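Working notes, beginning with the structure itself.
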Amino acid sequence: MKKNIYIDLPKDFCQACDIFGFLPEEVIQEFVRRVSLPRYFRNPRDRHRWANLFFLDYLDNLRPTPVLQSDVHEKYSDMLTEKAAGAASNHTREQVTREVMHKWQRAIRRARNQQCRGHW
Numbered sequence: 281m282k283k284n285i286y287i288d289l290p291k292d293f294c295q296a297c298d299i300f301g302f303l304p305e306e307v308i309q310e311f312v313r314r315v316s317l318p319r320y321f322r323n324p325r326d327r328h329r330w331a332n333l334f335f336l337d338y339l340d341n342l343r344p345t346p347v348l349q350s351d352v353h354e355k356y357s358d359m360l361t362e363k364a365a366g367a368a369s370n371h372t373r374e375q376v377t378r379e380v381m382h383k384w385q386r387a388i389r390r391a392r393n394q395q396c397r398g399h400w
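Residue 400 is where the sequence shown ends in our numbering, and the numbering goes up by one at each step.
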């Protein structure tokens with residue numbers, strides 16, 4: 281999915297990109313491409329884990345507002361951990377994690393829709 285977004289690029293980030301000859305948009309795109317909880321759960325020690333660890337740190341410590349539908353998140357995060365732990369191989373772990381993520385997303389969308397209807 282392509283989407284135009286506008287972000288403030290800090291001077292330190294731009295300076296580091298300039299020193300090494302990187303285009304900021306390429307660095308950001310590569311970072312975003314690496315965020316994949318199914319791949320992270322497949323192998324948490326993978327050399328590309330850092331984007332996922334930042335994402336999870338954002339979830340736990342950095343987000344400006346609390347995550348809504350915490351009961352839904354709790355249910356599916358428990359399911360994610362359980363399914364990942366029970367998988368026999370890395371491939372299976374990624375596959376079952378992807379399935380849980382899909383169900384989780386659908387549950388969150390349903391909860392948001394119900395929340396919106398309750399305001400009418």
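Glycine residues also receive a C-beta, built at the ideal position from the N, C-alpha and C atoms.
Quick caveat: nothing in here was measured; it's all calculated off a predicted structure.
As assigned by DSSP and simplified to three states, the class of residue i
i      : result
Met281 : coil
Leu289 : coil
Val376 : helix
Ser222 : Outside the displayed range of the chain (281 to 400) lies residue 222, so it cannot be described from this structure.
Ser350 : helix
Asp326 : coil
Gly406 : Since the first residue shown for the chain is 281 and the last is 400, residue 406 is missing from the structure and cannot be characterised.
Pro304 : helix
Pro318 : helix
Arg313 : helix
Arg386 : helix
Arg392 : helix
Cβ pair residue i, residue j closer than 8 Å
i      : j      : result
Arg378 : Pro318 : yes
Ser316 : Asn341 : no
Arg373 : Arg329 : no
Val352 : Ala364 : no
Cys297 : Pro290 : no
Among the options, the one whose alpha carbon lies nearest that of residue i
i      : options                           : result
Phe335 : Arg327, Arg325 and Arg314         : Arg314
Thr361 : Tyr286, Val312, Lys291 and Tyr320 : Tyr320
Ser357 : Ile287, Phe311, Trp384 and Lys291 : Trp384
Buried or exposed (CB count within 10 angstroms, at least 16 for buried), residue i
i      : result
Glu306 : exposed
Glu354 : exposed
Trp400 : Note that Trp400 scores a pLDDT of 46, beneath 50, so its modelled location is shaky and nothing firm can be said.
Val347 : exposed
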